[in-house]
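Reading through the structure tokens given below for one structure.
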Amino acid sequence: IENHGGPILNYGDRFSVEMQLYAAAGYIVFYPNARGSTSYGEEFGNLLYNNYPGDDYHDVMDGVDHCIAKGIAHEDQLFVTGGSAGGIMTAWIIGKNNRFEAAVVAKPVMNWISKTLVADNYFGYANSRYPGQPWENFEGYWKFSPLSLVGNIETPTMVMVGMNDLRTPPSEAKQLYHALKLRKKETVFVEIPGASHGIANKPSNLITKIAHTLAWFDKYRKIENK
10 IENHGGPILN
20 YGDRFSVEMQ
30 LYAAAGYIVF
40 YPNARGSTSY
50 GEEFGNLLYN
60 NYPGDDYHDV
70 MDGVDHCIAK
80 GIAHEDQLFV
90 TGGSAGGIMT
100 AWIIGKNNRF
110 EAAVVAKPVM
120 NWISKTLVAD
130 NYFGYANSRY
140 PGQPWENFEG
150 YWKFSPLSLV
160 GNIETPTMVM
170 VGMNDLRTPP
180 SEAKQLYHAL
190 KLRKKETVFV
200 EIPGASHGIA
210 NKPSNLITKI
220 AHTLAWFDKY
230 RKIENK
């Protein structure tokens, strides 16, 4: 699975270097537009306000089950990744189930309380994404924080972030990595020096991101590359 960012962005009929290279490495790439994505109308795009992550998780997993039922994917050969909101979804997925062989969580938000108070767009969350300020609605912000599920994670997880990221700061990614280390789970942390939130905007960083992702997935792949 390749989960998109936003979460109000979308995948469409356009070229993606990442998708092509994953496919060239022998992976079937499922890139869903779960509820909350744009291009399906205003109502669909607004379904995640005050409920994120929420039923978008079920949309993604229903898509996975459909791919398995169609014979496109193998249930014992599942991998998941995504960046930004896609990183949030990836962390949420592996906190909800252990169906995946490995995960790469890129530039995630792990804790909405800390994210809201340290990110460059701190002013955009209260009363729009979640009701009230974090100190007024601690339980509400925590409920939707992937960090709240970290005690469930068994999936080998690579965590990746640009060290100049102001939107989802490295401190967010480190919360996941440190929590997994404390739990003695299989994990690695990839720092991309000089990279902002748009890791893939610089060709060398794009290559680094894809190479690390494929190396991590290949490590846990049960069949040899063709």
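When you line the sequence shown up against the numbering used here, it's residues 10 to 235, in that order.
All residues carry an ideal CB built from backbone N, CA and C; glycine is no exception.
Only a predicted model underlies this, so the values are computations on that prediction, with no experimental measurement involved.
message: Taking 7 angstroms as the cut-off, is the beta-carbon of GLU84 closer than that to any non-hydrogen atom of the ligand SAM?
response: Among the components modelled here there is no ligand, and therefore nothing to report on the ligand SAM.
- request: Mind listing, in chain order, the continuous alpha helix (DSSP H) runs of no fewer than 4 residues lying wholly within the segment 38 to 97?
  value: 51 to 54 and 64 to 78
task: Count the other CB atoms, across all protein chains shown, that sit within 10 Å of the CB of PHE109; report buried if there are 16 or more and exposed otherwise.
output: For the purposes of this step, residue 109 is identified with residue 100 of the sequence shown, where counting begins at 1. Per the 10 Å Cβ criterion, buried.
- prompt: Just curious, the beta strand (DSSP E) that MET4 is in, first and last residue?
  reply: Any answer about residue 4 is impossible in this case: the structure gives the chain only from 10 up to 235.
- prompt: Helix, strand or coil for PHE198 per DSSP?
  reply: Reading the sequence shown from its first residue, position 189 is the one you call residue 198. Residue state, collapsed to three classes: strand.
- request: Return helix, strand or coil for ASN214, following the three-state DSSP convention.
  value: Within the sequence shown, numbered from 1, the residue matching residue 214 stands at position 205. Helix, per DSSP.
message: Between PHE226, ASP227, LYS231 and LYS211, which has its C-alpha nearest VAL26's C-alpha?
response: In the sequence shown, residue 26 corresponds to position 17, counting from 1. Looking at PHE226, ASP227, LYS231 and LYS211, the one whose alpha-carbon comes closest to that of VAL26 is LYS211.
Whole-angstrom C-beta distance between MET98 and PRO62, which should lie under 8 angstroms: Mapped onto the sequence shown, residue 62 falls at position 53. Mapped onto the sequence shown, residue 98 falls at position 89. Contact flag correct, Cβ pair sits at about 6 angstroms.
- prompt: On the three-pair Cβ rule with 8 angstroms, is the segment 114 to 129 touching the segment 50 to 57?
  reply: no
query: Taking the DSSP output, what are the residues bridged to GLU11?
result: Along the sequence shown, read from residue 1 onward, the residue named residue 11 stands at position 2. Paired residues: THR90.
- prompt: Does the Cβ-Cβ distance between THR90 and VAL73 come in under 8 angstroms?
  reply: Stepping through the sequence shown from its first residue, residue 90 is reached at position 81. Stepping through the sequence shown from its first residue, residue 73 is reached at position 64. Cβ distance not < 8 angstroms, so THR90 and VAL73 don't count as in contact.
query: Under the three-state reduction of DSSP, which class applies to ARG36: helix, strand or coil?
result: Counted from its first residue, the sequence shown places residue 36 at position 27. Before going further, note that residue 36 is Tyr rather than Arg in the sequence given. Three-state result, TYR36: coil.
task: Could you tell me whether the Cβ atoms of VAL117 and ALA182 are closer together than 8 angstroms?
output: The residue you call residue 117 lines up with position 108 of the sequence shown. The residue you call residue 182 lines up with position 173 of the sequence shown. According to the sequence as given, residue 117 is Pro; it is not Val. It is a contact, given that the beta carbons lie within the stated cut-off.
- prompt: Beta carbon of TRP101, beta carbon of ILE122: below 8 angstroms?
  reply: Numbered from its first residue, the sequence shown carries residue 101 at position 92. Numbered from its first residue, the sequence shown carries residue 122 at position 113. The answer is no: Cβ separation not under 8 angstroms.
Buried or exposed (CB count within 10 angstroms, at least 16 for buried), ARG44: Start at 1 with the first residue of the sequence shown, and residue 44 comes out as number 35. So ARG44 counts as buried.
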